[in-house]
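Colleague:
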Amino acid sequence: MKIKFQSCFPRLSTFLHGYTASTDNATQSALQFLNDHVSERAEEIYTDTVKMFPDKAKDYMISPGQGRFINWLVEMSNSERILELGSFTGYSAACMLSGYAGVDCRKDVTCVEKIKEYATMLKANVPEANVVNVDALDYLLSFTSDQEQQFDFVFVDAGKKRYDAIHDLLIKKEIVMKGGMIVYDNVFLRDRVFEDVTLYNEGKQRGMAEKMRAFLENVLKDRRAVLVPAFDGILIFNV
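According to my numbering, the sequence shown is numbered sequentially starting from 45.
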C-alpha cells in the first residue's frame, strides 16, 4: 500500500533548514544553546564551516539541533562503533563523539567522504576518525564481514538517490550488527517527497524525489523502521 505523503506531515524543512542564514536574535540564541550542549570542538567546526562554505553548509551539514539529536541517539543506544556515510567537514562526526557533558569521548568512528577537499578538512578536524576518501557505495561494496568488524550505529547522509542500494548492502552484507541502528538524513528532500513529482522536469530533482519516495515506501513496510518528522526528515531503522 502506498503512503499518502502529502497528508502525513506538516511542512517543516522551510524553517528548519534556514538555520545557517538566520540572523534574528531568538534563532541565534537557540543555536548557541544547542551548540553549548555538544563539545567545544563540534561548535568550532560548525562555526568555521559556515564561514568557509556559507552556501554549502546549509545543504551539506546538519543543524545544531540535529547534531544534538544524533548525539543523543548514539548515547542512548550505547553505540561504540560508528560508520558515517557522507561526512563533509566533520561536524556530525564530532557531535557523535561528544558525551553528555559536551566532552569528547572514546568511540570508534569511520567517516566515508568522497570529496578529497572535505576529507582532508575532516581528518584535520577529527583526527581520531578513520577517514576513507571514497564513494559511499563503493565502500560498502568492498566491505567484507569476515575481515572487518561490524558497526552498531550508521549515519547516512550521502547519495540520496542511492539510499535503497545503501540500505540493501548494509543489511545483506551484515555491515550493521544485530540490535544496531541506521539513521538516514534528509529523507524529505526539502518537502519534495510530499509533492507531485510530475511538477518537476525530467532530471535530477524529479529522479531524486521518485527514488526517495520509493525507498521510504519500501522500508516503512518493515516494523523496525520509524520516520521522524523533524529537521528535513529522519528515517531510523533498528537492525
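All C-beta atoms, glycine included, are put in the ideal place defined by N, C-alpha and C.
(1) Can you name, in chain order, every residue of its own chain whose Cβ lies under 8 Å from the Cβ of residue 198, other than the five neighbours on each side?
(2) Can you tell me whether residue 204 is buried or exposed? The criterion is at least 16 other CB atoms within 10 Å of its CB, across all chains shown.
(3) Excluding sequence positions up to five away, which residues of its chain have a Cβ less than 6 Å from the Cβ of residue 174?
(4) Within 10 angstroms of the Cβ of residue 110, are there 16 or more other Cβ atoms? Answer buried if so, exposed if not.
(5) Could you compute how far the alpha carbon of residue 105 sits from the alpha carbon of residue 132?
(6) Tell me the rounded alpha-carbon separation between residue 26 and residue 96.
(7) Helix, strand or coil: which one does DSSP assign to residue 223?
(8) Taking 8 Å as the cut-off, decide whether the C-beta atoms of residue 135 and residue 156 are in contact.
(9) Confirm, please, whether the CB-CB distance from residue 107 to residue 275 is below 8 Å.
(10) Which same chain residues, not among the five before or five after residue 187, have their C-beta less than 8 Å away from its C-beta?
Modeller: Well, looking at it:
(1) Here residue 198 corresponds to residue number 154 of the sequence shown, with the count starting at 1. 126, 127, 128, 129, 214, 219, 220, 224, 225, 226, 227, listed in sequence order.
(2) Sequence index remark: in the sequence shown, residue 204 carries index 160 (1-based). Looking at its Cβ environment, which holds 16 or more other Cβ atoms inside 10 Å, residue 204 is buried.
(3) Translated into positions along the sequence shown, residue 174 becomes position 130. Excluding residues within five positions, the ones whose Cβ falls inside 6 Å are 154.
(4) By 1-based counting over the sequence shown, the position of residue 110 is 66. Under this definition residue 110 is a buried residue.
(5) Mapped onto the sequence shown, residue 105 falls at position 61. Mapped onto the sequence shown, residue 132 falls at position 88. Cα-Cα distance, rounded: 7 Å.
(6) In this structure the chain extends from 45 to 283, so residue 26 is not present and cannot be described.
(7) Residue 223 sits at position 179 when you count from the first residue of the sequence shown. Strand at residue 223.
(8) The residue you call residue 135 lines up with position 91 of the sequence shown. The residue you call residue 156 lines up with position 112 of the sequence shown. Taking 8 Å as the Cβ cut-off, residue 135 and residue 156 do not qualify as a contacting pair.
(9) On the sequence shown, position 231 is the one that residue 275 refers to. On the sequence shown, position 63 is the one that residue 107 refers to. For residue 275 and residue 107, yes; Cβs fall inside 8 Å.
(10) For this step, residue 187 is matched to residue 143 along the sequence shown. Contacts found: 213, 217, 219.
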